[in-house]
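Residue numbers (the working numbering): 1 to 215.
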């Protein structure tokens, strides 16, 4: 599942602990063991996903108890690459500094930044979750943009009456504000890199700057 992965894991753990007769199997090797297994993939708009990855994994959070591995490792490499002489490899964790545009540019410049591919938090869904793999054969797609309706559909399919309530959502205006300093060439290159994520899950490829709403 990638988008909302932690929320689903916690939901299933709660169901396992609190629901009589309910069994959640999270082992990957058992994913296709039954024709009745519900197999679903969680996705979100690629532009939103990239922004979320930057905000959550690459920026400094003073009150967070643990360091982000992505900020501490990839973040230092970004700083080193685009800010020569910045002592990126030795500055304190909280002093690691680079922009959202730098982050996006690094994805373009270093597409094989981690073990020959992108980090899982922004790796393309078509590669990370293999939606075209007949072995997986997903029978539901949960979009973050319609997460309440889609999640409740999945829960209904597995026989759970618990309902998920709507949470706060970012607006198109917020997305436009964050992308307004990003050069057009970066948008164009990222559209190519995430082309199949846009295409397979019917997301708007247009730049966030020209959108009237979030998909």
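Even for Gly, the Cβ is constructed at its ideal location relative to N, Cα and C.
Tell me whether residue 46 is buried or exposed, calling it buried when 16 or more other Cβ atoms sit within 10 Å of its Cβ. Buried, since its Cβ has 16 or more Cβ neighbours within 10 Å.
Can the beta-carbon of residue 125 be found closer than 8 Å to that of residue 197? Yes, the Cβ-Cβ distance between residue 125 and residue 197 is below 8 Å.
Where does residue 172 sit, in a helix, a strand or coil, going by DSSP? Here residue 172 sits in helix by DSSP.
Check the DSSP bridge columns for residue 147 and list the partner residues they point to. According to DSSP, residue pairing for residue 147 in a beta bridge does not occur.
So the alpha helix (DSSP H) residue 41 belongs to, where does it begin and stop? No alpha helix (DSSP H) holds residue 41; the beta strand (DSSP E) holding it covers 40 to 43.
Is the Cβ-Cβ distance between residue 78 and residue 100 less than 8 Å? No, the pair does not count as a contact, with Cβ atoms beyond the cut-off.
Spatially closest choice to residue 104 from 205, 204 and 179, by CA coordinates: Of 205, 204 and 179, the residue nearest in Cα terms is 179.
Please give the ranges of any alpha helix (DSSP H) in the segment 52 to 120, keeping only runs that are unbroken, at least 4 residues long and fully inside the region. With a minimum length of 4 residues, the continuous alpha helix (DSSP H) runs that stay inside the segment 52 to 120 are 76 to 82 and 100 to 109.
Taking residue 139 as the reference, give the member of 128, 151 and 145 with the closest Cα. The alpha carbon of residue 139 has as its nearest neighbour, out of 128, 151 and 145, the alpha carbon of 151.
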